[in-house]
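*Asks:* Structure incoming, see below.
Chains as they are written, first to last, in the working numbering: chain W, -5 to 864; chain V, 3 to 82.
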């Protein structure tokens, strides 16, 4: 896996755990462990995202992290608004992951969304402008974080003279009123809303400089949509943050504000002429700064400035130096950094300077040693160590260099980048990873700039000495866990095994023929022995492929916490969802078939089952309703119970309703039991759509739910007690692939009947069958059982055959919840078959569930007794 | 009418509104070697600006207002 793939899959896992933790926090908002855990995950995610060039992702995660930090420190209470904000943010990150996986560029709307989400999260932190301003001023390191601050290139767009004016302005105003760098990305559709973003940008309060750029390369003119805004405005303003926010209040989500320290503007530029003078001046100047002879330095600089070409780097440095000497003569560090920039003509890294100062002031820079970084550094080291001997060393080294550069950038340690490049070049020349490892030891191992945490080097060394083997193992585990296979391949394997089963089943016939036709009894026995071996292997293969297709029920259940939360909030109800047995497994098709019915049932329950809090209180129930979804395995079936403690179903209302809709005759309605009445909600066409009062309304679309469950060979049952609650039980086979059927003979033909439809097989004496008018009945265990004949149902004229003892063979099947006897000629064996549904013209024959190929090459028609008896 | 079109030159006058962008776009497409004159321009709707940016249209005269000129130069200077 590439680092990026790993990042995406880890991000997805993190998103899952974040949303699970948010749900948990909902019920236990005071749980500090949970809060800390949540913060850590968000923090890790943000740290990881910084390694790649996804500013949108880093931006929202950064905002989320800030919010979580405040919550963790108790400065901000947990609230549903906060959870909403975070959940939306995680959804957004999930969408970005999708885009990354597909390799698509984020479009402009993503950027706008990111801004909006981040603004929304930050709004939660509190909009006390004065405080925010003070905090910004006190933490000049803030622009260091890559997604937040303007890049040096962006600032270079401002002409030097203007930048110098801005610098003077900023220093005069003092640290309490920093300049602001404002990025304004208007909505794509804003022209249609009558906006003129350019006009708005031009009138920004205390505008010092403004620039316009395209957010993407322009298309050819004939493809250009002039009315889709694709511009970005960047503005340097001296106005206080509050004023800017007030001015852009209608487009707050499209605007990003970053305070600038005056030094950020100090960016020399120019060509490499006058190098010698530059070197000489640098040495002199550094001495003068150390001696404190700043006046002399200013004189020298002024004199030299007259001599050198105005376009040179030196001239630019001199001009800035003079300005600094005039405005911030006491800031020695800054002077030194500026002078040292003469060394290699790269602009001083003011971020680093600010960080160093902050560190010296005893307050560590706002960059906690993030565990993911350490983890990543370990990973890079591991890769290098493995690559030392392995082929393809160069490719891996390159990947590591990219990752390390990302780490450095994320930590703001840009000055180390050239060193890294140097080490990489040496490594390439030597064809070995040793120079890179050495470089890592120096910069990540010795408590240097990058890892101020004293624990880290120890860990790193441990990892490099003893941990390497362990880590390798873990890596292998990870890969094993995450094999992804296209479902089509599994299905193909499945159908091959199905054919294998059929082919294997042919062997007993061959054995019989060998004996009966060719008289080779020995051979027949050998074939049978061999058949047993193959049979065992095929059964194991079948079991194994079933295992591959098994998925935990949590796959469908995981969306319910969010769904229940959102729906119950919309409805103004309070419902706690309890999930149990989420690790119960079943075939992928079954799990997928569960999704829609479950969703329907849960929605119904929330909508109609639970009473509003007031009504619950009146009945003496707790205000919070309780919805339990419990999954469990019973023999070869997976059972899902959905239980609520809502108002239940009133059977009388159902009866009345069914009567009105003409589903049952009034006489029949009068004598059915309460349970039967409740079951009427499953009847096709039954509906409570017109909202009969005090009816739970559970019937909405329940027949749809039932048929969806039955399509997956499942059953559904419903129990309800008025005022107490409702329980719905779904029972589905663990797997749909192989069905067990009993083979029966009727009218000289063989038919299969699915075992799940058969209650029992019995023999009844001819004398025990009574004819009442047109229909036959018998008494089985003191219950009257209606009897039909298979031949009659299939339209065959023959009557069922009797055996030697003058008995009928009778299958007892379930029909509409009641047992019905079905007379056949005789029972044969039960077999496992791969059921193929009827296709083409035959698909209209609903009496057949499908067909299967038998071992001897014959086709077995499998009956659907429910359809048949109807 | 706030844009005057010569054979190869568009003169933007005072405030150029959003509705002119379409015409400007059409004109640019059928006029090879077109250039633009901002001398009397005081403001233009960004839809027009986009069209000029996308067309990499050379500027023959910048606006009199130095602030507006600075904005426009940031967007168009590379092409002028």
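The C-beta atom is built at its ideal place from N, Cα and C for all residues, glycine as well.
Rounded to whole angstroms, how far is the Cβ of residue 721 of chain W from the Cβ of residue 637 of chain W, which I believe are closer than 8 Å?
*Replies:* Confirmed, about 5 Å.
*Asks:* Is the shortest distance between the beta-carbon of residue 345 of chain W and the beta-carbons of chain V less than 8 Å?
*Replies:* Chain V, which has no Cβ nearer than 8 Å to the Cβ of residue 345 of chain W, makes this no.
*Asks:* Quick check on this structure: which residue in W:196, W:90 and W:785 has the alpha carbon closest to the alpha carbon of residue -2 of chain W?
*Replies:* For the residues W:196, W:90 and W:785, the minimum Cα distance to residue -2 of chain W belongs to W:90.
*Asks:* Where does the unbroken beta strand (DSSP E) through residue 579 of chain W begin, and where does it stop?
*Replies:* 579 to 581 is the extent of the beta strand (DSSP E) around residue 579 of chain W.
*Asks:* Could you check whether residue 702 of chain W and residue 819 of chain W sit closer than 8 Å to each other, using their CB atoms as the reference points?
*Replies:* Against a cut-off of 8 Å, the Cβ pair of residue 702 of chain W and residue 819 of chain W comes out as no contact.
*Asks:* For residue 265 of chain W, verify whether its CB is less than 7 Å away from any heavy atom of the ligand GDP.
*Replies:* Ligands in the displayed structure: none, and consequently the ligand GDP is not present.
*Asks:* Candidates W:46, W:45 and W:81: which alpha carbon is nearest residue 32 of chain W's?
*Replies:* Per the Cα distances, W:81.
*Asks:* So, are the CB atoms of residue 645 of chain W and residue 668 of chain W less than 8 Å apart?
*Replies:* In contact: residue 645 of chain W and residue 668 of chain W (Cβ atoms closer than 8 Å).
*Asks:* Would you kindly report the start and end of the unbroken beta strand (DSSP E) that includes residue 298 of chain W?
*Replies:* Element bounds for residue 298 of chain W: not the beta strand (DSSP E) but the alpha helix (DSSP H), 288 to 301.
*Asks:* Under three-state DSSP, which class holds residue 779 of chain W?
*Replies:* If DSSP states are grouped into helix, strand and coil, residue 779 of chain W belongs with the strands.
*Asks:* Of all Cβ atoms in chain W, is any one closer than 8 Å to the Cβ of residue 65 of chain V?
*Replies:* Chain W, which has no Cβ nearer than 8 Å to the Cβ of residue 65 of chain V, makes this no.
*Asks:* Is residue 708 of chain W near residue 726 of chain W, with beta carbons less than 8 Å apart?
*Replies:* Yes, they are a contact pair.
*Asks:* From this set, W:185, W:843, W:749 and W:653, which residue's C-alpha is nearest residue 935 of chain W's C-alpha?
*Replies:* Nothing about residue 935 of chain W can be read from this structure; chain W reaches only from -5 to 864.
*Asks:* What are the residues that DSSP puts in a beta bridge with residue 697 of chain W?
*Replies:* Residue 697 of chain W is not bridged to any residue.
*Asks:* Just to confirm, are residue 487 of chain W and residue 539 of chain W a CB contact at a threshold of 8 Å?
*Replies:* It is a contact, given that the beta carbons lie within the stated cut-off.
*Asks:* In the DSSP assignment, what are the bridge partners of residue 844 of chain W?
*Replies:* Residue 844 of chain W is bridged to W:856.
*Asks:* Throw me the rounded Cβ distance for the residue 79 of chain W and residue 34 of chain W pair, which I believe falls under 8 Å.
*Replies:* The pair is not a contact, with the Cβ atoms about 19 Å apart (cut-off 8 Å).
*Asks:* Evaluate residue 665 of chain W with the Cβ neighbour count: other Cβ atoms within 10 Å of its Cβ, from every protein chain shown; 16 or more gives buried, anything less gives exposed.
*Replies:* That one is exposed.
*Asks:* If we ignore side chains and look at the alpha-carbon of each, how far apart do residue 317 of chain W and residue 286 of chain W end up?
*Replies:* Cα to Cα, residue 317 of chain W sits roughly 17 Å from residue 286 of chain W.
*Asks:* Please compile the residues from chain V whose C-beta is within a distance smaller than 7 Å of the C-beta of residue 212 of chain W.
*Replies:* Those are 55 and 56, listed as they occur along chain V.
*Asks:* What residue does the beta strand (DSSP E) around residue 772 of chain W start on, and which one ends it?
*Replies:* Segment 769 to 774, the beta strand (DSSP E) holding residue 772 of chain W.
*Asks:* Using the Cα positions of residue 79 of chain V and residue 158 of chain W, report the straight-line distance between them to the nearest angstrom.
*Replies:* Cα to Cα, residue 79 of chain V sits roughly 21 Å from residue 158 of chain W.
*Asks:* Determine, for residue 193 of chain W, whether the minimum Cβ-Cβ distance to residues of chain V falls below 8 Å.
*Replies:* By this cut-off, residue 193 of chain W is an interface position.
*Asks:* Pull up the distance between the alpha-carbon of residue 846 of chain W and that of residue 784 of chain W, whole angstroms please.
*Replies:* Cα to Cα, residue 846 of chain W sits roughly 20 Å from residue 784 of chain W.
*Asks:* Under 9 Å, CB to CB, which of the residues in the region 90 to 108 of chain W have a partner in chain V?
*Replies:* Flagged: no residues at all.
*Asks:* Does the count of Cβ pairs from the region 546 to 561 of chain W and the region 508 to 527 of chain W closer than 8 Å reach three?
*Replies:* No: fewer than three Cβ pairs fall under 8 Å.
*Asks:* Specify the secondary structure class of residue 72 of chain W as computed by DSSP and reduced to three states.
*Replies:* DSSP places residue 72 of chain W in coil when its eight states are reduced to three.
*Asks:* Assuming residue 59 of chain V contacts residue 36 of chain V under a Cβ cut-off of 8 Å, what Cβ separation, rounded to an integer in Å, is found between them?
*Replies:* Sure, about 6 Å apart at Cβ, within 8 Å.
*Asks:* Just to confirm before moving on: does the CB-CB distance between residue 199 of chain W and residue 241 of chain W stay below 8 Å?
*Replies:* Yes, they are a contact pair.
*Asks:* Is the beta carbon of residue 259 of chain W closer than 8 Å to that of residue 161 of chain W?
*Replies:* Yes, they are a contact pair.
*Asks:* Which residue marks the beginning of the beta strand (DSSP E) containing residue 511 of chain W, and which one marks its end?
*Replies:* No beta strand (DSSP E) contains residue 511 of chain W, which DSSP labels as neither H nor E.
*Asks:* Going along the chain, which residues of its own chain have a beta-carbon closer than 6 Å to the beta-carbon of residue 167 of chain W, five neighbours each way excluded?
*Replies:* Contacts found: none.
*Asks:* Under a CB-based cut-off of 8 Å, is residue 12 of chain V close to chain W?
*Replies:* Judged by the 8 Å Cβ criterion, residue 12 of chain V is not in contact with chain W.
*Asks:* Excluding five sequence neighbours on each side, which residues of the same chain lie with their C-beta closer than 8 Å to the C-beta of residue 298 of chain W?
*Replies:* The answer, listed in chain order, is 271, 275, 308 and 312.
*Asks:* Could you name the residues of the same chain whose beta carbon sits closer than 8 Å to that of residue 6 of chain W, not counting the 5 residues immediately before and after it, in chain order?
*Replies:* Answer for residue 6 of chain W: 88 and 91, listed in chain order.
*Asks:* Since I believe residue 29 of chain V is in contact with residue 12 of chain V (beta carbons under 8 Å), could you give me their beta-carbon distance rounded to a whole number of angstroms?
*Replies:* The Cβ separation is near 7 Å, so the contact holds.
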